[in-house]
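Heads up: the structure comes next, in structure tokens.
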Amino acid sequence: MTALTEGKGGPPSLLHGNRDQCLLHDKALSATFTRVCSDPPAIGWPGLAPPKTRYIPAAGQAALAQHILPGQPGHSTPRAHGQRPAMEADDGTEEPPLPLALSRFQVSEEFGFLLPDPLTELPEPYSPWMEVAHELPQLIASHRLRSRVHQMPQLSALHLRGREELHLAHLVLSFITMGYVWQEGEEGTVQVLPRNLAVPYWEVSEALGLPPILSHADFVLANWRRKDPNGPLEIENLDPIITLPGGESLRGFVLVTLLVEKAAVPGIKAIVRALHAILQHDEETLQGALEELAGAIEAMREALRRMHNHVDPAVFYAVIRIFLSGWKDNPAMPAGLVYEGVSEEPLAFSGGSAAQSTVLHAFDELLGIRHSQDTAAFLHRMRNYMPPPHRAFVEEIQRGPSLKQHVLSCRDRRLRGAFNRCVSALAEFRSYHITVVTKYVAVAAAKARAGRAEPGARAGPALGKAPSALEAKGTGGSHIFSFLKSIRDTTREGMISA
14 MTALTEGKGG
24 PPSLLHGNRD
34 QCLLHDKALS
44 ATFTRVCSDP
54 PAIGWPGLAP
64 PKTRYIPAAG
74 QAALAQHILP
84 GQPGHSTPRA
94 HGQRPAMEAD
104 DGTEEPPLPL
114 ALSRFQVSEE
124 FGFLLPDPLT
134 ELPEPYSPWM
144 EVAHELPQLI
154 ASHRLRSRVH
164 QMPQLSALHL
174 RGREELHLAH
184 LVLSFITMGY
194 VWQEGEEGTV
204 QVLPRNLAVP
214 YWEVSEALGL
224 PPILSHADFV
234 LANWRRKDPN
244 GPLEIENLDP
254 IITLPGGESL
264 RGFVLVTLLV
274 EKAAVPGIKA
284 IVRALHAILQ
294 HDEETLQGAL
304 EELAGAIEAM
314 REALRRMHNH
324 VDPAVFYAVI
334 RIFLSGWKDN
344 PAMPAGLVYE
354 GVSEEPLAFS
364 GGSAAQSTVL
374 HAFDELLGIR
384 HSQDTAAFLH
394 RMRNYMPPPH
404 RAFVEEIQRG
414 PSLKQHVLSC
424 RDRRLRGAFN
434 RCVSALAEFR
444 SYHITVVTKY
454 VAVAAAKARA
464 GRAEPGARAG
474 PALGKAPSAL
484 EAKGTGGSHI
494 FSFLKSIRDT
504 TREGMISA
């Protein structure tokens, strides 16, 4: 059987016999979407997506659907609850809205792309999912997860209410799916995801516009809780909501990556300030925004350094990494995976990857970084694994005014210097990422081949020999080192003459 891949069509939905119709529940509203398109409509700079825009996938692709508030038929741009109309100036004219209002793209002023203080428990009807999810490390270590999944009741996802419940359900089902597929390692994979897992997983994925596989949006953005609800967002006060084998190293990998996302928040806000400053020809504000962006990228690199303190390379390579692997471009699962009750043909999806983080895509678009054709194609495919509102944020930056052209036209040496500092910081971040990947993948793989990898006392349950199918590839399916070096080098080429 030939695998259907994301972006090239997909299976019909079984929700109501029509793949272009799926049900999404929200706290303030509940409606059936009947209009789904494959590509988001152009919004037009500095126009914004309507406040109630929701993003739904059709045929395996992410798509955008316009939500009409109940009781307001024909209203194409309804106001969100509590939203005030545009303020009027003294002369009676309307002030245009600021470009890229973060809240309209589900981006938080405090948390950036992280889901703010995610929900940690699903309501009672879904307790069978939660019980399995909370026992995943033990069930996988004892080789009992698959039999436990087969005993789960067939539950519909259509009773989930609100974005928070949907994200938690997607997180839970994603982790269970990865455990189910990889429980026996790369030599004991499955060909079929059972109906009682596949169908609700597909329903939740359709509602959120996410693919039915563990992605960065699940593993990091929605997978954190504070030990002290009033405490800081520091690693000592954080835990993942759901875990897999890997013990403290798994915890560290999730949380250090989360801290990198948190460090990016000032840079995300600086994007909005910078683009608004370009429109206003406000060079002083633009200068400050670029300095803030460069500082945020440098802080991201410092956050990434903490990986060495919290993640054992041998544990990451031999235990954790396989559970982030997908079934696209993976020699261990060349045919993909059949989602029973969803499609008779196998589907192929990429595994979790840092390339699915919206942060660096947004920075690239603002700074006008242009990657090579193959690299750019892979990065654009990874955008299909982002929450669609976040992807729309990146696309809106792309449609906006060109920062690089503006800086070149200003002939302001200070502005050029600030721009180059941003580009340099981004290139340095990518260089350091290569250093980290070398330690945790290349060196760890060499030690595993030599039989010297022995997960230490901090490791969770080991799965026997280290996987080898993706030694030269990332979990997202890219040829990892050529890919990382390519994006680093093209980033450096984005510098302009001072």
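Numbering (this note's numbering), first residue to last: 14 to 511.
A virtual CB, placed ideally from N, CA and C, is assigned to each residue, including glycine.
In the three-state reduction of the DSSP assignment, Ser422 falls in the helix class, which pools H, G and I. Cβ atoms of His183 and Leu223 come within 8 Å of each other, at about 6 Å. Remark: fewer than three beta-carbon pairs, one from each stretch, lie closer than 8 Å, so the segment 405-412 and the segment 435-450 are not flagged as touching.
Runs of the alpha helix (DSSP H) lying entirely within the segment 155-210 and spanning at least 4 residues, in chain order: 158-163 and 175-195. Here the alpha carbons of Ala367 and Lys275 stand approximately 14 Å from one another. In chain order, Ser499 and Thr503 place their CB closer than 8 Å to the CB of Ser385, counting only its own chain and leaving out the 5 sequence neighbours on each side.
Here the segment 185-202 lies against the segment 143-153, with 3 or more beta-carbon pairs under 8 Å apart.
Check the Cα spacing between Phe496 and each of Lys460, Val450 and Met508: the tightest is with Val450.
Shown here, Arg319 sits in coil according to DSSP, grouped into three states, outside any helix or strand. Within a 10 Å sphere around the beta-carbon of Val205 sit fewer than 16 other beta-carbons, which makes this residue exposed. The DSSP-derived three-state label of Arg383 is coil.
Here Ser228 carries a coil assignment [DSSP, helix/strand/coil]. Residue state for Ala361 is assigned as strand, using DSSP reduced to three classes.
Per DSSP, Ala463 lies in no alpha helix (DSSP H) segment and is marked neither H nor E. Shown here, Ser495 sits in a helix according to DSSP, grouped into three states.
Here Glu378 is buried, its C-beta having at least 16 other C-beta atoms within 10 Å.
A straight-line Cα-Cα distance of about 26 Å links Pro414 and Phe124. For Asp342 and Glu297, the gap between their C-alpha atoms comes out near 47 Å.
Contact holds between the segment 332-351 and the segment 192-203, because three or more Cβ pairs, one in each stretch, are under 8 Å apart. For Leu221 against Pro400, the beta-carbon gap comes to about 7 Å, under 8 Å, which counts as contact.
The alpha-carbon separation between Trp215 and Asp130 amounts to approximately 25 Å. 8 Å or more divides the Cβ of Ala457 from the Cβ of Phe266. About 4 Å separates the beta carbons of Gly259 and Ile333, which is inside the 8 Å limit, making them a contact pair. Under DSSP, Val351 takes part in a beta bridge, and its partners are Val205. Here DSSP, grouped into helix, strand and coil, assigns Asp377 to helix. Non-local C-beta neighbours of Glu311 in its own chain, meaning closer than 7 Å and more than five positions away in sequence, comprise Ala438, ordered along the chain. When C-alpha distances from Pro138 are compared across Lys417, His294, Gln167 and Gln119, the shortest belongs to Gln167. A Cβ-Cβ contact shorter than 8 Å links Leu416 with Leu380. Apart from the 5 residues on each side of it in sequence, Ile248 sits with its Cβ closer than 6 Å to the Cβ of Leu268 in its chain, given in chain order.
Secondary-structure assignment with DSSP links Arg239 through a beta bridge to Leu251. Under DSSP, Ser121 forms a beta bridge with Gly125. For His289, the secondary structure class from DSSP, reduced to helix, strand or coil, is helix.
Minimum Cα-Cα distance from Ser510 among the listed residues Arg159, Gly430, Gly364 and Leu288 corresponds to Gly430. Closest by C-alpha distance to Glu506, out of Tyr193, Val203, Leu428 and Ile382, is Ile382. A Cβ-Cβ distance of about 6 Å is found for the pair Leu234 and Phe126, placing them in contact under the 8 Å criterion.
Taking Leu299 as reference, the option from Glu178, Ala230 and Ala287 with the minimal CA-CA separation is Ala287.
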